[in-house]
Amino acid sequence: MVILKRFKVLVLGDVNSGKSTLFRSLAQIEPDVKEKPSIRMDIYEIIKRFEDERYLIELHDIPGRELVKTAKSKVYDSTDGALVVYDISSPDTFRHTYFWIEELTSYSGRKHVPIVLVGNKSDLREKSDRTLNPIDAKQLIFRLNRTSMRDNVEHSYEEVSAKEKKGLYRLLDVILRSMIKYERSK
Ligand SMILES: Nc1nc2c(ncn2[C@@H]2O[C@H](COP(=O)(O)OP(=O)(O)O)[C@@H](O)[C@H]2O)c(=O)[nH]1
Ligand SMILES: [Mg+2]
C-alpha cells in the first residue's frame with residue numbers, strides 16, 4: 001500500500017527531560033516501526049493510519065550533547081512537527097520549552113511547525129507534591145494557538161509517563177492530525 005506522505009518529527013527538550021525514553025517507548029507501543037540507519041541521529045520510521053490513508057512519521061531523537069550551531073539548521077531543516085518534552089518535576093525544563101519552540105521555528109525554514117508539548121514523568125505526581133501544575137503548559141499552548149490557528153495550525157498539550165508508558169497512545173495521533181490539517185490547508 002502506498003504512503004501518502006512522509007512527516008519529519010523531532011523529539012526536543014532539555015537533557016534529562018526523558019526524550020530518549022519517550023522515543024524508545026513510542027517505538028515499543030507502535031505496531032509498525034522500523035529503525036532507519038543513520039550515523040548522526042536515532043531515527044524510527046513509524047507507519048500510521050489516518051482516514052484510510054497511510055502516513056510515515058520519521059521520528060528523530062536529538063543527541064544528548066549540545067547541538068552545535070552548524071549542525072542546527074541540518075537537524076531542524078524541513079521539520080513537520082515536534083514533541084517538545086519537559087519534566088513535570090523540573091521547572092527549568094518547562095521554562096526552556098519556549099526556547100526550544102523558538103529555535104525550532106527559526107531553523108526549520110517553515111512558517112509554522114505543529115507541536116505537542118509533552119509534560120513527562122507523570123508517574124512522579126504520586127511520589128512528590130512539587131510537580132508542576134499543567135495549567136501553565138495549557139496556557140502556553142493557548143497563547144501559541146491564538147496566533148497560529150488562523151493558519152490552521154493547532155498545537156496541543158499531553159501529559160505522559162515515558163517510563164511507565166502512560167498516556168503515550170494518543171501522542172503520535174495528535175501530532176499527525178495537526179500536521180495533516182496544516183498540510184491540507186497550505
Ligand atoms: N520517573 C520517570 N523518570 C523518567 C521518565 N522518563 C525518563 N525518565 C528518567 O529520566 C532520565 C533521563 O531520561 P532520558 O530519556 O535519557 O532523557 P533525555 O536526556 O531527554 O534523552 C533517566 O534516568 C530516565 O530513566 C518518566 O516518565 N518517569
Ligand atoms: Mg537522550
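If you read the sequence shown in our numbering, its first letter stands for residue 1, the second for the next number, and so on.
For every residue, glycine included, the Cβ atom is placed at its ideal position computed from N, Cα and C.
Within 8 Å, strictly: CB atoms of residue i and residue j
i    : j    : result
D61  : F23  : yes
K8   : S78  : yes
G119 : E159 : yes
N152 : K111 : no
E58  : I43  : yes
S178 : P134 : no
L168 : I39  : no
H155 : S161 : no
V116 : T97  : no
L26  : L172 : yes
Residue i beta carbon near ligand 2 (any heavy atom closer than 7 Å)
i    : result
D61  : yes
K121 : no
K165 : no
Spatial neighbours of residue i in its chain, beta-carbon cut-off 8 Å, leaving aside the 5 residues before and after
i    : result
E103 : K72 and Y76
K138 : Y157
S89  : K121, L124, S128, R130, T131 and L132
R54  : M1, V2, I3, L4, I47 and K48
Residue burial classification, residue i (beta-carbon count within 10 angstroms, cutoff 16)
i    : result
T131 : buried
V15  : exposed
D92  : exposed
K19  : buried
D87  : buried
F94  : buried
Residue i Cβ short of 7 Å to ligand 1 heavy atom set
i    : result
S108 : no
T21  : yes
L4   : no
A162 : yes
N16  : yes
L124 : yes
Proximity winner among the options, relative to residue i (alpha-carbon distances)
i    : options                : result
G109 : Y55, D52 and K74       : K74
E51  : S90, V116, I3 and A82  : I3
P63  : L12, F94, E53 and S185 : L12
Beta-carbon proximity list for residue i, same chain, < 6 Å, skipping 5 on both sides
i   : result
K34 : E45
K36 : I43 and E45
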